[in-house]
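A quick write-up on the structure given underneath.
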Amino acid sequence: MKVSIDQETCIGCGACVALCDTVFRLNDELGKAEVIPGADCGAAGCCKEAAESCPVASITVEE
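In the UniProt record's numbering, the protein residues as written are 1 to 63.
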């Protein structure tokens with residue numbers, strides 16, 4: 001399972017981090033969320049929920 005965040009549309013609300021902090025983190029410099037390098041979205045089991053919670057639909061999950 002592959003996950004990505006569209007940095008152009010992300011507003012940095014932190015919903016994804018709150019739901020799935022093993023995969024997502026906030027980048028303090030950018031003020032936006034990012035995928036943690038090497039994070040295993042499939043094993044985490046929370047990527048789809050995080051994507052669904054994104055208010056601006058910036059998260060894409062590919063199975």
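Glycine is no exception: its CB is placed at the ideal position from the N, C-alpha and C atoms.
query: Within the UniProt domain "4Fe-4S ferredoxin-type" (1 to 29), ranges of the alpha helix (DSSP H) (whole runs, at least 4 residues); result: 15 to 19
query: Beta-carbon gap between C47 and V61 smaller than 8 Å; result: yes
query: C-alpha gap between D21 and C10, whole angstroms; result: 16 Å
query: Three-state secondary structure assigned by DSSP to E63; result: coil
query: V3 and C54 closer than 8 Å at C-beta; result: no
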